[in-house]
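K.L.:
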Ligand SMILES: NC(=O)C1=CN([C@@H]2O[C@H](COP(=O)(O)OP(=O)(O)OC[C@H]3O[C@@H](n4cnc5c(N)ncnc54)[C@H](OP(=O)(O)O)[C@@H]3O)[C@@H](O)[C@H]2O)C=CC1
Ligand SMILES: O=C(O)CCC(=O)C(=O)O
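Numbering (UniProt numbering), first residue to last: 1 to 418.
1. Going by the C-beta, is residue 238 closer than 7 Å to any heavy atom of ligand 1?
2. Let me confirm a value: residue 25 is counted as buried when at least 16 other C-beta atoms fall within 10 Å, else exposed. Which label applies?
3. Buried or exposed: residue 243, going by 16 or more other Cβ atoms within 10 Å of its Cβ?
4. Are there 16 or more other CB atoms within 10 angstroms of the CB of residue 42, so buried, or fewer, so exposed?
5. From residue 411 to residue 206, what does the alpha carbon distance come to, in whole angstroms?
6. Report buried or exposed for residue 164, applying the criterion of at least 16 other Cβ atoms within 10 angstroms of its Cβ.
7. Quick one: complete alpha helix (DSSP H) runs, 4+ long, within the stretch 96-171?
8. Are there 16 or more other CB atoms within 10 angstroms of the CB of residue 418, so buried, or fewer, so exposed?
9. Please report the residue range of the alpha helix (DSSP H) in which residue 192 lies.
10. What span of residues does the alpha helix (DSSP H) with residue 221 cover, start to end?
11. Is the beta carbon of residue 60 less than 8 Å from the beta carbon of residue 94?
12. Going by DSSP, what residues sit across from residue 329 in a beta bridge?
13. Within its chain, find whatever has a CB closer than 6 Å to the CB of residue 261; leave out the 5 residues flanking it on each side and keep chain order.
14. Within 10 angstroms of its Cβ, does residue 178 collect 16 or more other Cβ (buried), or is it exposed?
15. Going straight from the alpha carbon of residue 138 to that of residue 132, what length do you get?
16. Who does residue 35 pair with in a DSSP beta bridge?
17. Which residue wins for smallest C-alpha separation from residue 121, given the options 379, 156 and 190?
18. Considering only the beta carbon of each residue, do residue 36 and residue 62 sit closer than 8 Å?
19. Rounded to whole angstroms, what's the CA-CA distance from residue 4 to residue 297? Just pull it up for me.
20. Are the stretch 355-367 and the stretch 173-188 touching by the rule of at least three beta carbon pairs closer than 8 Å?
The following block contains the structure:
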């Protein structure tokens with residue numbers, strides 16, 4: 001196993017790769033490779049037993065040329081400064097590739113949330129919201145869910161912000177529950193754009209989705225919904241996994257039934273419909289038509305990529321492939337459809353939520369899904385056109401060419417260059 005890639009260096013390499021297919025000067029590219037600012041804070045929070053525990057937390061605001069900083073908040077023991085910087089940078093280029101009026105941000109707390117009670121998590125979240133208050137705002141920086149956070153945490157942050165500011169401003173955060181101003185379709189949105197990207201990719205490559213074999217790594221918000229919606233297209237979801245391991249059935253699973261099992265037991269392992277159980281690395285190297293990594297960064301490095309046998313990879317997670325893995329897969333003719341398009345449904349429906357909050361008017365789920373489909377399919381068409389016109393080596397580089405150009409144009413038009 002090679003040393004873990006640093007996700008921030010991966011982001012910078014992805015930007016450099018794209019710059020070779022653009023006429024943008026080196027100093028401009030350099031500016032686009034670094035966050036504008038990073039908040040690092042220590043949260044001192046009283047635990048249920050009366051002791052005080054200290055948690056490190058971050059918020060990176062990477063680039064605001066196209067609009068307010070936007071991006072999720074992650075709770076995970078692996079959160080660190082460089083990871084948050086990378087995730088915030090990926091948000092900039094994601095929002096640009098789907099052409100929604102945001103920059104990029106990301107935050108996180110270094111914590112294993114399973115080790116804490118709901119009351120402790122609420123106090124930790126509200127403490128983070130207090131630290132974030134001077135930075136966030138409906139036109140400044142708008143957080144959202146990411147790994148191990150969801151509607152509950154977003155509702156707490158909204159409430160803390162509104163209390164401190166003595167206002168009602170639900171658009172300060174997205175991914176809330178519907179009763180707190182959340183949008184229909186936000187919970188499903190990341191999995192939905194993953195499905196739409198897979199559908200368009202199969203169409204572009206002249207492959208049949210009906211009966212295609214699919215493996216999905218990670219069975220949280222992004223992974224399980226992607227599995228469900230891809231199954232609804234007629235594909236065969238033969239393997240799924242979570243942090244406990246992977247389950248496999250050659251004839252395919254009903255993703256909803258696997259989810260019920262996970263809700264009951266905490267894991268996909270032990271599922272009654274599985275023929276075999278194996279490791280996550282075994283899942284990632286299955287001979288399938290479509291592989292959907294939907295867990296964390298660096299799932300496939302250069303070494304593991306040598307064993308990947310999927311024909312098409314659609315990234316629901318952020319940064320699941322290292323740049324070395326990209327190089328290997330390009331040489332083996334595996335098509336990789338990148339995170340900054342495939343998982344952009346989450347932030348796109350967050351944008352719809354923010355628009356609805358500002359209008360004080362709710363859209364139907366049907367309208368949300370129609371608008372999302374239009375944005376993702378337009379972005380997909382634009383991506384493959386750029387891939388073909390520029391001769392970029394893969395879809396990721398083509399996506400960065402589209403996105404970087406949009407950020408550069410916004411900055412140029414604001415008259416900021418000397
Ligand atoms: N939520 C959103 O709206 C968006 C999420 N994303 C990205 O999608 C990815 C997943 O996020 P999300 O679904 O929200 O997070 P969740 O917390 O809902 O789910 C994460 C899933 O990944 C699994 N997992 C964690 N570590 C591993 C591992 N080493 N091997 C296999 N599975 C693992 C978890 O397992 P277990 O269940 O056992 O804990 C869980 O099933 C992240 O990269 C995130 O940044 C991107 C865009 C938007
Ligand atoms: O919904 C959002 O604003 C951001 C979601 C997110 O964190 C991501 O796309 O990685």
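For every residue, glycine included, the Cβ atom is placed at its ideal position computed from N, Cα and C.
P.N.:
From the atom records:
1. Stepping through the chain shown from its first residue, residue 238 is reached at position 238. No.
2. As a first step, residue 25 is located in the chain shown; it is residue number 25 there, counting from the start. With fewer than 16 other beta carbons inside 10 angstroms of its own, residue 25 counts as exposed.
3. The residue you call residue 243 lines up with position 243 of the chain shown. Classification of residue 243: exposed, given that the 10 Å Cβ count is below 16.
4. If you number the chain shown from 1, residue 42 lands on position 42. Exposed: under 16 other Cβ atoms inside 10 Å.
5. To locate residue 411, count along the chain shown from 1; it is residue 411. To locate residue 206, count along the chain shown from 1; it is residue 206. Their Cα atoms are separated by approximately 38 Å.
6. To locate residue 164, count along the chain shown from 1; it is residue 164. It counts as exposed.
7. Counting whole runs of 4 or more residues, the stretch 96-171 contains the alpha helix (DSSP H) stretches 118-132 and 151-165.
8. Against the chain shown, residue 418 aligns to sequence position 418. With a pLDDT of 49 at residue 418, under the threshold of 50, the modelled position of that residue is not reliable, and no figure is offered here.
9. As a working mapping, residue 192 is identified with position 192 in the chain shown. Here the alpha helix (DSSP H) through residue 192 covers 186-204.
10. Locating residue 221 in the chain shown gives position 221, counting from the first residue. Segment 221-232, the alpha helix (DSSP H) holding residue 221.
11. Within the chain shown, numbered from 1, the residue matching residue 60 stands at position 60. Within the chain shown, numbered from 1, the residue matching residue 94 stands at position 94. No. Outside cutoff.
12. Within the chain shown, residue 329 is the residue found at index 329, counting from 1. DSSP lists no partner for residue 329.
13. Residue mapping note: residue 261 aligns to position 261 of the chain shown, counting from 1. The residues are 271.
14. Locating residue 178 in the chain shown gives position 178, where the first residue counts as 1. Residue 178 counts as exposed, since fewer than 16 other C-beta atoms from the protein chains shown sit within 10 angstroms of its C-beta.
15. Start at 1 with the first residue of the chain shown, and residue 138 comes out as number 138. Start at 1 with the first residue of the chain shown, and residue 132 comes out as number 132. Whole-angstrom Cα-Cα distance: 13 Å.
16. For this step, residue 35 is matched to residue 35 along the chain shown. According to DSSP, which records beta bridges pairwise, residue 35 is partnered with nothing at all.
17. As a first step, residue 121 must be located in the chain shown, where it is residue number 121. Residue 121 has its Cα closest to that of 156, out of 379, 156 and 190.
18. In the chain shown, the residue the question calls residue 36 occupies position 36. In the chain shown, the residue the question calls residue 62 occupies position 62. Yes. Within cutoff.
19. Position 4 of the chain shown, counting from 1, holds the residue named residue 4. Position 297 of the chain shown, counting from 1, holds the residue named residue 297. Their Cα atoms are separated by approximately 10 Å.
20. Counting C-beta pairs with one atom in each stretch, the stretch 355-367 and the stretch 173-188 have three or more that are closer than 8 Å, which means they touch.
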